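Peer 1:
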Amino acid sequence: MKRIGILTSGGDAPGMNAAVRAVTKTAIHNGLGVVGIRYGYAGLVAGDFVTLTAENVDHLISSGGTFLYSARYPEFAQKEVQEKGVEQLKKHDIDTVIVIGGDGSYHGALALTRLGINSIGLPGTIDNDIPCTDYTIGLDTACTTAMQAIDKIRDTASSHHRVFIVNVMGRNCGDIAMRVGLASGADAIVVPERSYDVKEIAKTLQSGFADGKDHGIIVLAEGVMDAADFKTELLQYGDFDARASVIGHMQRGGSPTVTDRINATKMGNYAVKLLLAGKGGLAVGMKGGQLETHDILDLFEETHDSEEALIDINEEMTK
Ligand code: ATP
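At position 76 of the sequence shown (counting the first as 1) the number is 78 in this note's numbering, and the numbers step up by one without a gap.
1) For R74, verify whether its CB is less than 7 Å away from any heavy atom of the ligand ATP.
2) DSSP beta-bridge partners for F166?
3) Check whether the region 285–302 touches the region 169–189, counting contact only when three or more Cβ pairs, one atom from each stretch, lie closer than 8 Å.
4) Measuring alpha carbon to alpha carbon, tell me which of D129, A273, L236 ends up nearest T26.
5) Quick check: the Cα distance between C134 and E303, rounded to an integer number of angstroms?
6) State the Cα-Cα distance for the pair F211 and T305, rounded to the nearest angstrom.
7) For a test of the three-state rule: what should DSSP assign to Q80, helix, strand or coil?
8) I want to know whether the region 49–64 touches the region 138–154 - three or more CB-CB distances under 8 Å.
9) Which one of A111, G67, Q253 has the shortest CA to CA distance from E85?
10) Taking 7 Å as the cut-off, is the beta-carbon of A48 closer than that to any non-hydrogen atom of the ligand ATP?
11) If we require 3 or more residues per run, which beta strand (DSSP E) segments fall completely within the region 30–63?
12) What is the residue span of the beta strand (DSSP E) that L9 lies within?
13) Output the boundary residues of the alpha helix (DSSP H) element that contains E235.
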């Protein structure tokens, strides 16, 4: 092995930088060079490369975003474009690549492996929507940010005896909503994975107010519907004041939490060890706190399993 290329692709997530740092430090420790590829696959094809050293990644453990930048570059699905990327890698003496991104980005890692560049995928997305892993880099920071926002929303909700419908990110995956809902003591968690009964939710809130509760919080996954539309539905069945609130992109930013820093570091370190062992075409995941690998190809056959038990536990908390 000569040099490892590393890129971040798809949506950014807090902890991506910590993973780049871990890859760089592990590689250097093992006598390998590391090249940062800027702007995902677009930068790979354009040859937008920067040599990484232990010094220039030193400060990265605490920073959000991705200092390598990210880009959407659908052209990389075409074989001739992938071959151009491989040419750039060869020109720069790079024979292995680590890709940090979502499952779309894994397609690129698999394509590179098939073209002779062993590549490993690390799960980097706040959405936690990748199959064969119950954790993705950035999930914990996004949940913490959303939880802290809801803690603040609760203050104003209580002051005015209001219900707040809080829209959290996650695209079509309800994992952020499930975690944040339980962690915030929400009255209801509404996610794409489960059917919901808006009339029942309104009834729960109404009886909460009747019992002396001074506010209500509904955590709504963005994959279900707009918070404003949900409010309209809810108010058909409940006689209370309600507001819709969208936390938005602040969930994608910020300094990564302890969990994201540690897991990103473990995953980055592990990815280099896999490459050193001659492996490629693999995705790193985590189950029950243990690192695992899966063939990227197998991963495309699977769907992500959400921890739906969190919703059941939350329902018991609201009784
Ligand atoms: P996120 O879930 O955070 O959005 P993602 O990796 O799933 O991340 P995508 O936009 O699906 O995001 O993919 C990111 C990039 O991966 C694309 O812009 C493209 O460059 C590359 N990519 C996606 N699909 C393929 C494919 N079929 N073949 C090769 N490369 C692909």
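Ideal placement from N, C-alpha and C gives every residue a C-beta, glycine not left out. The structure presented is a predicted model; accordingly, all values stated were derived computationally and were not measured.
Peer 2: Looking at the coordinates:
1) Against the sequence shown, residue 74 aligns to sequence position 72. Yes, the ligand ATP has a heavy atom inside 7 Å of this Cβ.
2) Counting from 1 along the sequence shown, the entry for residue 166 is found at position 164. Per the DSSP secondary-structure output, F166 pairs in a beta bridge with I219, R245.
3) Put simply, the region 285–302 does not touch the region 169–189. Fewer than three CB pairs are less than 8 Å apart.
4) The count along the sequence shown starts at 1 and reaches residue 26 at position 24. Nearest C-alpha to T26: A273.
5) The residue you call residue 134 lines up with position 132 of the sequence shown. The residue you call residue 303 lines up with position 301 of the sequence shown. About 10 Å.
6) The residue given as residue 211 occupies position 209 in the sequence shown. The residue given as residue 305 occupies position 303 in the sequence shown. The straight-line gap separating the alpha-carbon atoms of F211 and T305 is approximately 39 Å.
7) Locating residue 80 in the sequence shown gives position 78, where the first residue counts as 1. Of the three classes helix, strand and coil, the one that applies to Q80 here is coil, per DSSP.
8) The region 49–64 is not in contact with the region 138–154.
9) In the sequence shown, residue 85 corresponds to position 83, counting from 1. Distances from the CA of E85 to each of A111, G67, Q253 were compared; the closest alpha carbon is that of A111.
10) Looking up residue 48 in the sequence shown gives position 46. It does not: the Cβ of A48 is nowhere closer than 7 Å to a heavy atom of the ligand ATP.
11) Counting whole runs of 3 or more residues, the region 30–63 contains the beta strand (DSSP E) stretches 35–39, 51–54.
12) What you label residue 9 is simply residue 7 of the sequence shown in a count that begins at 1. Counting along the chain, the beta strand (DSSP E) containing L9 begins and ends at 5–10.
13) Here residue 235 refers to the residue found at position 233 of the sequence shown. Per DSSP, E235 belongs to the alpha helix (DSSP H) from 229–237.
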